[in-house]
Structure formats: C-alpha cells, structure tokens
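If you read the protein sequences in the order shown, they are chains F and R.
With the first sequence counted from 1, adding 625 to any position gets you our numbering.
With the second sequence counted from 1, adding 625 to any position gets you our numbering.
Glycine included, C-beta positions come from ideal geometry on N, C-alpha and C.
Below: the structure, in structure tokens.
2 protein chains.
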Amino acid sequence: MQIAFLFYDGMTALDAIGPHEILCRLPGAKVQRVAKKPGAICTDSAGLELIADCALVDVSHADILVVPGAGNATTLRNHPEVLEWVRSIHAATKWTTSICTGSLILGAAGLLKGSKATTHWAVLDRLRFWGAEPVSERIVESGKIITAAGVSAGIDMALTLAAKLCGAQVAQTLQLGIEYDPEPPFDVGSPEKANPGIKNALLTRMEAYFERHEN
Amino acid sequence: MQIAFLFYDGMTALDAIGPHEILCRLPGAKVQRVAKKPGAICTDSAGLELIADCALVDVSHADILVVPGAGNATTLRNHPEVLEWVRSIHAATKWTTSICTGSLILGAAGLLKGSKATTHWAVLDRLRFWGAEPVSERIVESGKIITAAGVSAGIDMALTLAAKLCGAQVAQTLQLGIEYDPEPPFDVGSPEKANPGIKNALLTRMEAYFERHEN
Numbered sequence: 626m627q628i629a630f631l632f633y634d635g636m637t638a639l640d641a642i643g644p645h646e647i648l649c650r651l652p653g654a655k656v657q658r659v660a661k662k663p664g665a666i667c668t669d670s671a672g673l674e675l676i677a678d679c680a681l682v683d684v685s686h687a688d689i690l691v692v693p694g695a696g697n698a699t700t701l702r703n704h705p706e707v708l709e710w711v712r713s714i715h716a717a718t719k720w721t722t723s724i725c726t727g728s729l730i731l732g733a734a735g736l737l738k739g740s741k742a743t744t745h746w747a748v749l750d751r752l753r754f755w756g757a758e759p760v761s762e763r764i765v766e767s768g769k770i771i772t773a774a775g776v777s778a779g780i781d782m783a784l785t786l787a788a789k790l791c792g793a794q795v796a797q798t799l800q801l802g803i804e805y806d807p808e809p810p811f812d813v814g815s816p817e818k819a820n821p822g823i824k825n826a827l828l829t830r831m832e833a834y835f836e837r838h839e840n
Numbered sequence: 626m627q628i629a630f631l632f633y634d635g636m637t638a639l640d641a642i643g644p645h646e647i648l649c650r651l652p653g654a655k656v657q658r659v660a661k662k663p664g665a666i667c668t669d670s671a672g673l674e675l676i677a678d679c680a681l682v683d684v685s686h687a688d689i690l691v692v693p694g695a696g697n698a699t700t701l702r703n704h705p706e707v708l709e710w711v712r713s714i715h716a717a718t719k720w721t722t723s724i725c726t727g728s729l730i731l732g733a734a735g736l737l738k739g740s741k742a743t744t745h746w747a748v749l750d751r752l753r754f755w756g757a758e759p760v761s762e763r764i765v766e767s768g769k770i771i772t773a774a775g776v777s778a779g780i781d782m783a784l785t786l787a788a789k790l791c792g793a794q795v796a797q798t799l800q801l802g803i804e805y806d807p808e809p810p811f812d813v814g815s816p817e818k819a820n821p822g823i824k825n826a827l828l829t830r831m832e833a834y835f836e837r838h839e840n
C-alpha cells in the first residue's frame, strides 16, 4: 500500500506528522514524502525542517494521498505543477485526504466541486470559493475524499482511515500504541467551545496573516 | 525564552512534533533542535527525517528542555555525551520535560531518582531501574520535571506547560489554533480501556522489539 504525503515549504508540521505516525505503521505501508524536489522542506513551525525523499515527477501513483495544510492557508496557486500532481495522483487513489487547510489545496486542484468538506475552523468559508460545501465537523467523508479539521484533527482522521483500510483491530492497536487517550487541559478546542474573546483575537490575527501571505 | 528539543536517531517524530507545534508559538519562544551534530535525524517513523539545527556543544542553556522518546525505549546509554548534555542543561532549566520513553533518557541521566514519573504504558516499570516511582497518569509533575505518557500525551503536556509559562489565555489560544478538540474514533487509547487481546499483542511485540534494540 503506497502512501504519499505532499510536503511543501510553509506546511504545518503537525498536520503531516500526526497522520504520518499512524499511517506509516499500517501493515504493508510504503510511505513516500513527496515535494517539488527532494530535500529539506521548511515548515511554518519555527523553521523546523523535514526531509522530502521524492520529487513529484518520481511518484506517479499512490493508494493514499495525504495533503497537509499551512498556517498561511496556502492554495499553492503559484505552484501549478503541484496542483497538477495532486490531480493526477487523486485519479487513481483509494483515498485522498487532507488536514487543516490542505483541503484548500484539494479545492484549488479542482477536486472538491460539489463536495462536502472541512478545513481549519477559521477559514471554513473559503472552501466555497472552490465549489465545496463547508461542513463544521472534525472529519468529513465525501466519496473517496476525507477532509479533516484543523491541525490536530489529522490524528483522528488517520485512525479512522486506518480502520477503513485494515479493520478496527489494527486501528485500535495503533491508537493504543500512541497512547491516544487525550486529556486536553482546557475544553476550548473548537470555535463553539472557545471563549469569544480568544476566538476573535485568533481570527483577527489569522486573517491578517492570510492577507499578507495568501497566494 | 529558549526552548531546546533533543533530537536523536531513532526518536519518534510525533513525540517531538506535537509539543513543538505548541511551544514554538509561545510569545518570545526561541526554539533550537539539538543533536550530537546538526543535520538529518532519522526517526523511527518509516524513515522520516527531521533536521537538527544545533550541535550539543553549541547549546549550553535552555529555559525549557524537551526530550522525546523512541520506539526502542532508548536510554541513549551508549551516548554518554548526550546524557551529560541533558544533565548540564537540566541544571539551569525552568522546566525539564519528556514525552513517552524520553523519561527513560532523563532517568539514565540520573534526573529521576526518588521522583514520580511516567512514560509509555508498555514500559512503565522500567522507570524503577532509574530510581523513579512509576505513575500511570497522562502527565506527571515532580519539581521542575514534567513527564508525559506515550507519544500523543506530549500535546496535552505542552498545552499544560504553555499555561504555566504564559497563562491560560495563551494556552487556550494555542489549543484553539490547532483545533484540539479530539474525537478519537475508539475509546481504547490507554491500557485500562484497551481490549486485553490487543493490549497483550502490542506488549509482546514491543517487548520483542526492546529486546532486539535496547542499548
């Protein structure tokens, strides 16, 4: 089972590494981290660099495609070869997945027209621009596309996908392996639960960031 | 505020990247990823490589030290210079933290004698070897040392630490920023909740792995 993770400069590390930690341990998984060119990728997480081991041109098929998001809500519109690669890989995947604003990349690649999808809560409405129907849920399945909400939702998505691919027993073993029995210190992880002041401050800051960086 | 992450070959990527995603966004955070030498570090996650940007000898102080674990329950006993560095950094930290089997590294460095601590559930008793008192909790605080349970517990630990360092409002903003409102697909993430068959199969496999790899 070939699993391709799209890597690109500016990506949010945890968007990818959460699902990667789970999916790479599926029986028979062969994981490839794919970028425009192999080598160091600079995430938006304090300059942390990850290594991509394959170039787009070296990977022509994947059973599972995983597209992480980025703090700048990137659509990679200035990188048409990446969007073309996403489209071509998606054509033959079993499942195409995204985390956080990775769904905006799927949208920009034209894969979400008429589909229900989710993304980071702060940019949910931006899915409409790509013809998708925004859904405020943690994981949204539409045909063979699974989109997850912001950053940490990728862990829930990957365990859900693990169960689809290999059954509940395998998924539960992986969940126990990463001791995923979360105890968040606060009950404020979604916009519905957050203090409005905190939510609005974050939204303002993120929107200013998107204005500066969105391509 | 200087935050040092210990990086080493064999480390589990999510152990580090969960807390990294949170702590690197604290106001005034200056993050350093520190290894024996700078460059690519091969994780135990399907060969995923991360980049360390500093050598141990280049970092003589950190306010916060974060020590991730490894699937092989490493104690880094064959790398005394790493243990010496952990000891010397710990001497002046505000908080010294570990995720998963990272606490066995703290133990091997001699930092847990007489302390309560936790680690991945499957190796909890191994803490006794280093004079620590194992505690089956998700996060254990003992003086200025905070140990977290397996892999995903690092996210809860980092948010808890964020609140200690910068207050609840900052921590809650970070939690909402990563949309951390977990919905695990199964309620089996701790050994108490897991199906005994799954738990025992995983334990047997992990113990066999430790036998082969532990140094």
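Exposure of residue 671 of chain R, with buried meaning 16 or more beta-carbon neighbours within 10 Å: Buried, since its Cβ has 16 or more Cβ neighbours within 10 Å.
Residue 723 of chain R, enclosing beta strand (DSSP E) - first and last residue: Looking at the DSSP string, the run of the beta strand (DSSP E) that includes residue 723 of chain R is 720-724.
Closest Cα partner of residue 781 of chain R within the set R:641, R:730, R:631 and R:665: Of the candidates R:641, R:730, R:631 and R:665, the residue whose Cα lies closest to the Cα of residue 781 of chain R is R:641.
Pair within 9 Å by beta-carbon distance, residue 722 of chain R and residue 652 of chain R: No; because the gap between Cβ atoms is not below 9 Å, this pair is not in contact.
Nearest to residue 752 of chain F (by Cα), restricted to the options F:763, F:739 and F:764: Relative to the Cα of residue 752 of chain F, the nearest Cα in the group F:763, F:739 and F:764 belongs to F:739.
Under 8 Å (Cβ pairs) to chain R, residues found in the region 728-748 of chain F: Against chain R - using a Cβ distance shorter than 8 Å - the residues of the region 728-748 of chain F are 745 and 746.
C-beta contact flag for residue 760 of chain R and residue 736 of chain R at 9 Å: Result no, Cβ atoms of residue 760 of chain R and residue 736 of chain R do not sit closer than 9 Å.
Chain-ordered chain F contacts of residue 763 of chain R [CB-CB under 9 Å]: The answer, in chain order, is 804, 806, 807 and 808.
Chain R residues whose Cβ lies nearer than 9 Å to that of residue 698 of chain F: Per Cβ cutoff of 9 Å: no residues; residue 698 of chain F is ~13 Å from chain R at best.
Beta-carbon gap between residue 729 of chain F and residue 696 of chain F smaller than 9 Å: No; because the gap between Cβ atoms is not below 9 Å, this pair is not in contact.
Sheet register partners of residue 664 of chain F (DSSP bridge): BP columns for residue 664 of chain F point to F:677.
Any non-hydrogen atom of the ligand FAD within 8 Å of residue 759 of chain R CB: In terms of ligand content, the structure shown is empty, and the ligand FAD therefore cannot be addressed.
Residue 783 of chain F, enclosing alpha helix (DSSP H) - first and last residue: That run of the alpha helix (DSSP H) goes 778-791.
Where residue 754 of chain R sits in the DSSP three-state scheme: Helix.
Separation of residue 816 of chain F from residue 824 of chain F, as counted between CA atoms: Roughly 6 Å separates the two Cα atoms.
Under the three-state DSSP convention, the category residue 759 of chain R falls into: In the structure shown, the three-state DSSP call for residue 759 of chain R is strand.
Where residue 823 of chain R meets chain F, residues with beta-carbon distance less than 7 Å: Taking the beta carbon of residue 823 of chain R as reference, the chain F residues within 7 Å of it are 794, 797, 798 and 801, listed in sequence order.
is_contact[residue 634 of chain R, chain F] using C-beta, thresh 9 Å: Interface residue (Cβ-Cβ distance to chain F less than 9 Å): residue 634 of chain R is not classified as such.
Whole runs of the alpha helix (DSSP H) within the region 676-716 of chain F, excluding any shorter than 4 residues: With a minimum length of 4 residues, the continuous alpha helix (DSSP H) runs that stay inside the region 676-716 of chain F are 705-715.
Limits of the alpha helix (DSSP H) - the one that residue 733 of chain R falls within: For residue 733 of chain R, the uninterrupted alpha helix (DSSP H) run begins and ends at 727-733, by DSSP.
Pairwise C-alpha distance: residue 707 of chain R and residue 743 of chain R: Each residue's Cα considered, the two are about 21 Å apart.
Residue 750 of chain R, buried or exposed, once every other Cβ within 10 Å from all chains shown has been counted against 16: Within 10 angstroms of the beta-carbon of residue 750 of chain R lie fewer than 16 other beta-carbons, which makes it exposed.
Three-state secondary structure assigned by DSSP to residue 772 of chain F: Of the three classes helix, strand and coil, the one that applies to residue 772 of chain F here is strand, per DSSP.
Residue 690 of chain F versus residue 660 of chain R - alpha carbon distance: Their Cα atoms are separated by approximately 31 Å.
CB-CB length for residue 784 of chain R against residue 799 of chain R, believed under 8 Å: About 7 Å; that satisfies the 8 Å criterion.
Cα-Cα separation between residue 719 of chain R and residue 688 of chain R, rounded to whole angstroms: Looking at the two C-alpha atoms, the distance is approximately 5 Å.
Beta-carbon contacts of residue 725 of chain R that lie in its chain and below 6 Å, excluding the five residues immediately before and after: If we look at residue 725 of chain R and ignore the five residues flanking it on each side, its Cβ neighbours are 640, 694, 745, 775 and 776.
Residue interval of the alpha helix (DSSP H) (run including residue 803 of chain R): It is not in any alpha helix (DSSP H) - residue 803 of chain R carries neither H nor E in the DSSP assignment.
Residue-level contact to chain R via CB, residue 692 of chain F, 9 Å cutoff: Closer than 9 Å to the CB of residue 692 of chain F there is not a single CB belonging to chain R.
Rounded straight-line distance, which links the Cα of residue 804 of chain R to that of residue 648 of chain R: Cα-Cα distance, rounded: 15 Å.
Exposed unless 16 or more other CB atoms sit within 10 angstroms - verdict on residue 757 of chain R: With 16 or more neighbouring CB atoms inside 10 Å of its own CB, residue 757 of chain R falls in the buried class.
Under the three-state DSSP convention, the category residue 632 of chain R falls into: The three-state reading of DSSP puts residue 632 of chain R in coil, since its state is none of H, G, I, E or B.
Euclidean distance between Cα positions of residue 626 of chain F and residue 685 of chain R: Taking the straight line from one Cα to the other gives about 45 Å.
is_contact[residue 665 of chain R, chain F] using C-beta, thresh 9 Å: Answer yes: the Cβ-Cβ gap between residue 665 of chain R and chain F drops below 9 Å somewhere.
Exposed unless 16 or more other CB atoms sit within 10 angstroms - verdict on residue 794 of chain R: Taking all protein chains shown into account, residue 794 of chain R has fewer than 16 neighbouring C-beta atoms within 10 Å of its C-beta and is therefore exposed.
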